[in-house]
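J.: Numbering (the numbering used here), first residue to last: 2 to 120. Take this structure first; my questions come after.
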Amino acid sequence: MSPRSKAAVPAAAALPGPALANVFFALGDATRLGLLAVLCAGGFYSIAQLTANTDLTRQAVTKHLRVLADAGLVKDLRIGRERLWQFDPTQVEEARRSLEVIGQQWETALRKLKAIVQG
2 MSPRSKAAVP
12 AAAALPGPAL
22 ANVFFALGDA
32 TRLGLLAVLC
42 AGGFYSIAQL
52 TANTDLTRQA
62 VTKHLRVLAD
72 AGLVKDLRIG
82 RERLWQFDPT
92 QVEEARRSLE
102 VIGQQWETAL
112 RKLKAIVQG
């Protein structure tokens, strides 16, 4: 039996799922990252507040907020005709945990490689 066949395959539960792919996609845009940074300050923000002092249109911000909402990174609250937006940390925490697992797997792989090379 070769050493390769003895290697354990990571459990499927430890691998990031489609929901986390949406999180990383949403975070992969500079405009969305900027909006999320504002929302991370806490509280609810209107589209008007999020577009103030920027070159972004309300339509553009709305589109970016929809992507962030679809990824579970923000949530909205409708008050009358106005929609207010707030950061939701749940998916960021899930992404952080997944990255920690991947980091641990890399560390294990690098230790094994070092042992083989120094071997």
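For glycine and all other residues, C-beta sits at the position ideal for the given N, C-alpha and C.
1) Taking contact to mean 3 or more Cβ pairs, one atom from each stretch, closer than 8 Å, check whether the stretch 97-104 and the stretch 48-65 are in contact.
2) Rounded to whole angstroms, what's the CA-CA distance from D77 to V118? Just pull it up for me.
3) Is DSSP giving D56 helix, strand or coil here?
4) Three-state secondary structure (DSSP) at S6?
5) Does the Cβ-Cβ distance between V68 and A27 come in under 8 Å?
6) Determine the direct distance from the alpha carbon of L85 to that of A20, and round the result to whole angstroms.
7) Considering only the alpha carbon of each residue, which of I48, Q105, T91 lies closest to R82?
8) What are the boundary residues of the beta strand (DSSP E) that includes F88?
9) Can you tell me whether D71 is helix, strand or coil according to DSSP?
10) Which residues mark the beginning and the end of the alpha helix (DSSP H) in which A27 is found?
11) With distances taken Cα to Cα, identify the nearest neighbour of C41 among E108, A110, Q106, V93.
12) Checking 8 Å against the spacing of the C-beta atoms, do H65 and L36 come in under that value?
T.: Put simply:
1) Because the criterion of three Cβ pairs below 8 Å is not met, the stretch 97-104 and the stretch 48-65 do not touch.
2) Their Cα atoms are separated by approximately 53 Å.
3) Here DSSP, grouped into helix, strand and coil, assigns D56 to coil.
4) Note that S6 scores 48 on pLDDT, short of 50, meaning its location in the model is unreliable and no value can be drawn from it.
5) Contact: yes.
6) So the alpha carbons of these two residues sit roughly 24 Å apart.
7) Measuring from the Cα of R82, the nearest candidate turns out to be I48.
8) For F88, the enclosing beta strand (DSSP E) begins and ends at 83-88.
9) The answer is helix: DSSP assigns D71 an H, G or I state.
10) Membership of A27 in the alpha helix (DSSP H) is indicated by the continuous run 19-28.
11) Selected option, being the one with the closest Cα: V93.
12) Contact: yes.
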